[in-house]
Amino acid sequence: MRIEEKFKQLKKEGKKAFIAYIPFGFPKIGYTKDIILALQASGVDMIELGVPFSDPLADGPIIQKAASLALKQGADIEKLFITLEGIKKSLKIPLVIMTYYNPLFKFGIEKFFTKMQAVEVSGIIVVDLPHDESRNYIEKTRKFDLETVFFITPTTSKSRQEKIVKISQGFIYYISVTGITGPKSFTFTPLTSYVKDLKKITELPICVGFGVHTPLQVEKIRSFSDGVIVGSGIVEFIGKHFRQKNFLNKLKTYVNFLNGREYA
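Numbering-wise (my numbering), the sequence shown opens with residue 61 and increments by one.
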């Protein structure tokens with residue numbers, strides 16, 4: 061399913077998106093498939109799957125630790141696509157690959173996009189690719205019919221915002237606070253205003269992430285945006301509980317807790 065299609069569906073249903081982030085290969089490569097399908101079963105609307113990278117500048121300690129563990133266990137791009145090939149027929153929600161530019165470039169951009177298309181990945185986020193250096197990248201994503209998600213932050217100038225929304229597809233990833241990922245406290249009043257102003261220049265859905273880790277934050281963010289993205293909280297839960305009996309059911313219960321509903 062394409063990202064655009066999912067948001068149209070949610071709009072018809074009067075709902076806001078809940079997007080879950082997990083790094084590939086954490087806690088073990090063999091767990092990724094089951095975790096993705098468990099997240100889908102828990103009712104998440106979309107999944108961001110991170111490509112582990114040795115120098116993840118935007119990530120906080122929770123995701124850095126998870127990525128480091130995944131890399132030590134041999135998580136790489138080839139294994140990522142093998143995993144996705146194994147679940148593509150079972151996956152009914154959009155999956156977005158989130159990566160830094162270096163792994164993408166080293167693997168080969170066209171080769172990467174060819175494999176994305178083959179396993180029916182919906183879109184891609186390149187964390188450290190500035191919009192003004194993305195022309196070649198954008199041309200290739202269009203060739204492979206991949207939706208391109210870009211970041212906007214509270215410090216992004218109005219002129220840059222206008223350029224970013226023109227090349228973005230799927231949704232805008234609005235970073236709630238400056239800095240790295242991980243649990244944070246933030247003031248909702250300016251955040252509400254930032255998103256409201258951004259909606260004046262784009263019809264794309266705006267989803268808010270970075271620092272979101274409580275049901276109250278999820279609820280409040282949904283009240284003024286089109287969706288919420290939760291990463292570190294889910295990754296931390298996985299790290300603490302994956303060895304336990306009925307781990308996947310516990311993960312579903314936790315995600316539903318964040319999502320403001322009970323898991324039956």
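Each residue gets a CB set at the ideal place from its N, CA and C atoms; glycine is no exception.
**Request:** Determine the contact status of I137 and F167, defining contact as a CB-CB distance below 7 Å.
**Result:** In the sequence shown, counting from the first residue as 1, residue 137 sits at position 77. In the sequence shown, counting from the first residue as 1, residue 167 sits at position 107. Closer than 7 Å, so yes.
**Request:** Tell me whether the beta-carbon of G287 lies closer than 7 Å to the beta-carbon of A77.
**Result:** As a first step, residue 287 must be located in the sequence shown, where it is residue number 227. As a first step, residue 77 must be located in the sequence shown, where it is residue number 17. Between G287 and A77, the CB-CB gap stays under 7 Å.
**Between the CA atoms of Q221 and L258 - distance to the nearest angstrom** = Position 198 of the sequence shown, counted from the first residue, corresponds to residue 258. Position 161 of the sequence shown, counted from the first residue, corresponds to residue 221. Cα to Cα, the separation comes out at about 8 Å.
**Message:** Quick check: the Cα distance between P87 and G110, rounded to an integer number of angstroms?
**Reply:** Within the sequence shown, the letter at position 27 stands for residue 87. Within the sequence shown, the letter at position 50 stands for residue 110. If you draw a straight line from the Cα of P87 to the Cα of G110, it comes to about 13 Å.
**Prompt:** For K175, does the count of other Cβ atoms within 10 angstroms reach 16, so buried, or fall short, so exposed?
**Reply:** One-based indexing of the sequence shown puts residue 175 at position 115. Answer is buried; the Cβ neighbour count reaches 16.
**Prompt:** Between the stretch 68-75 and the stretch 83-101, do at least 3 Cβ pairs fall closer than 8 Å?
**Reply:** No, because fewer than three Cβ pairs between the stretch 68-75 and the stretch 83-101 fall closer than 8 Å, the two stretches do not touch.
**Message:** On the DSSP letters alone, give me the boundaries of the beta strand (DSSP E) that F78 sits inside.
**Reply:** One-based indexing of the sequence shown puts residue 78 at position 18. A77 to P83 is the span of the beta strand (DSSP E), which, as asked, contains F78.
**Item:** P214 versus V104: straight-line alpha-carbon distance, rounded
**Value:** Indexing the sequence shown from 1 puts residue 214 at position 154. Indexing the sequence shown from 1 puts residue 104 at position 44. A straight line joining the alpha-carbon of P214 with that of V104 spans about 26 Å.
**Residue from I235, S236, V237 and E207 whose Cα sits closest to the Cα of K226** = Residue numbering aside, residue 226 sits at position 166 when the sequence shown is read from its first letter. Comparing Cα-Cα distances from K226 to each of I235, S236, V237 and E207, the minimum goes to E207.
**Nearest-angstrom Cα separation, counted from A178 out to I142** = Reading the sequence shown from its first residue, position 82 is the one you call residue 142. Reading the sequence shown from its first residue, position 118 is the one you call residue 178. For I142 and A178, the distance between alpha carbons rounds to 11 Å.
**Asked** Between the Cα of I89 and the Cα atoms of K139, K125 and S128, which residue gives the shortest distance?
**Response** The residue you call residue 89 lines up with position 29 of the sequence shown. Closest option to I89, Cα to Cα, is K139.
**Request:** May I ask which residues mark the beginning and end of the beta strand (DSSP E) holding L155?
**Result:** Position 95 of the sequence shown, counting from 1, holds the residue named residue 155. L155 to T159 is the span of the beta strand (DSSP E), which, as asked, contains L155.
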